[in-house]
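Colleague:
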Amino acid sequence: MPSMKTSWIVRAWVWLRRIGYCRGFGIQSPWAYSLVRYVINEHSPYYAYADLYARFPEADIVRRKLGQFYLRLANYVQPAMVMSLYFTDYESEHSKAYFQAGCATLRFVGVQPSEGVEEVSKSLRKKDRCNIIVHVNSLNVDAGQIKKLVGSLHDGDFMVLDNMNAARHLWDDTATSLENIVTFDMYYCGLIYIDSKRYKQNYIINF
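Heads up: the sequence shown runs through residues 607 to 813, numbered per our numbering.
Pasting the structure below:
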């Protein structure tokens, strides 16, 4: 089933609170600015938006906006695999369609809650050096599990924490306690980039 809809009042409140963080404003890092400007907050319509909207007409505006971001992220990263952890069948189907629209060659792996984080971490450590995206339902993990998953990733990998607006404590703990990551707080989701050569940095984004 589709997730609960986010009211326009909440969306307006979030946007106004973050109005000073639009489209990379104030970001000094050229790499981070480019990612924010041309991936996270790119407003130009992509080729598949209309078809995906028709395929999932019941998705609310936030879920659709997140899906479009996943398409752009996959298009940017061109990952070998997207591993999707602990979502409902509907959410997994929705995100899979958007990720694959951004990179047709990626392998999408859905993981159910019955498969523990320990097993997932082991499989991540064994993967080859091709970059991946790990897509996590924040409602079904805790901070310790996120740390374990991040510790299993390699430089160049991304992690997306979905439903983050309902699990702010998880994001706050993750962004402050982990090293060798660059994080992007988009309110509805959080983006983590693994890079042992970069200084730790957290960017607040008006998404």
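The beta-carbon is built from N, C-alpha and C at its ideal position, and this holds for glycine as well.
Let me know if P651 comes out buried or exposed under the rule of 16 or more other beta-carbons within 10 Å of its beta-carbon.
Modeller: With fewer than 16 other Cβ atoms within 10 Å, it is exposed.
Colleague: In three-state DSSP terms, what is M687?
Modeller: It is a strand residue.
Colleague: Between A749 and D779, which are expected to be in contact by the criterion C-beta below 8 Å, what is the C-beta distance as a whole number of angstroms?
Modeller: Correct: roughly 4 Å between the Cβ atoms.
Colleague: Can you find the residues in the same chain that come closer than 8 Å, C-beta to C-beta, to E648, ignoring five residues on each side of it along the sequence?
Modeller: The residues are R678.
Colleague: Quickly, what does DSSP pair R713 with across the bridge? List them, please.
Modeller: R713 pairs with M687.
Colleague: Just the Cα atoms here: how many angstroms apart are P608 and A665?
Modeller: Because P608 sits at a pLDDT of 44, beneath the cut-off of 50, its placement in the model cannot be relied upon, and the following sentence gives the value as read from the coordinates. P608 and A665: Cα-Cα distance of roughly 6 Å.
Colleague: Can you tell me whether H700 is buried or exposed? The criterion is at least 16 other CB atoms within 10 Å of its CB, across all chains shown.
Modeller: H700 comes out buried.
Colleague: With distance defined between alpha-carbon atoms, name the residue in Y793, D763, K754 nearest to A772.
Modeller: The option with the nearest alpha carbon to A772 is Y793.
Colleague: Taking 8 Å as the cut-off, decide whether the C-beta atoms of Y696 and P719 are in contact.
Modeller: No, they are not a contact pair.
Colleague: Within the continuous alpha helix (DSSP H) that includes T782, where are the two ends?
Modeller: Residues 774-783.
Colleague: Examine the Cβ distances between the segment 702-718 and the segment 786-802 and report whether three or more of them are shorter than 8 Å.
Modeller: Contact between the segment 702-718 and the segment 786-802 is absent, because fewer than three Cβ pairs lie under 8 Å.
Colleague: Who are Q807's beta bridge partners in DSSP?
Modeller: BP columns for Q807 point to V788.
Colleague: Please report the residue range of the beta strand (DSSP E) in which I800 lies.
Modeller: That run of the beta strand (DSSP E) goes 795-800.
Colleague: Give, in chain order, every unbroken run of the beta strand (DSSP E) that is at least 3 residues long and sits entirely within the segment 723-747.
Modeller: Listed in chain order, the complete beta strand (DSSP E) runs (minimum 3 residues) inside the segment 723-747 are 738-743.
Colleague: Which one of F675, D734, V642, L672 has the shortest CA to CA distance from D763?
Modeller: Checking every option, the nearest Cα to that of D763 belongs to D734.
Colleague: Residue range of the beta strand (DSSP E) that D657 falls in?
Modeller: That residue, D657, is in no beta strand (DSSP E); its alpha helix (DSSP H) goes 655-661.
Colleague: Using a Cβ-Cβ cut-off of 8 Å (strictly less than) and excluding sequence neighbours within five positions of A703, which residues of its own chain qualify?
Modeller: Answer for A703: L658, R661, F662, G673, listed in chain order.
Colleague: I'd like to know if H760 contacts chain B, where contact means its C-beta is closer than 8 Å to some C-beta of that chain.
Modeller: Protein chains in the displayed structure number just one, and chain B is not present.
Colleague: In chain order, what residues of the same chain lie with their CB nearer than 7 Å to the CB of M687, ignoring the 5 residues before and after it?
Modeller: Hits under 7 Å: L712, R713, V715, I738.
Colleague: For V766, I'd like the list of residues in its chain whose CB is within less than 8 Å of its CB, leaving aside the five on either flank, ordered along the chain.
Modeller: Y676, L679, I739, V740, H741, V742, C795, G796, L797, I798, listed in sequence order.
Colleague: By Cβ distance below 6 Å, which residues in the same chain neighbour V723 in space, the five residues on each side in sequence not counted?
Modeller: Result list for V723: Q751, K754, in chain order.
Colleague: Measuring straight from C-alpha to C-alpha, what distance separates T782 and S698?
Modeller: T782 and S698: Cα-Cα distance of roughly 28 Å.
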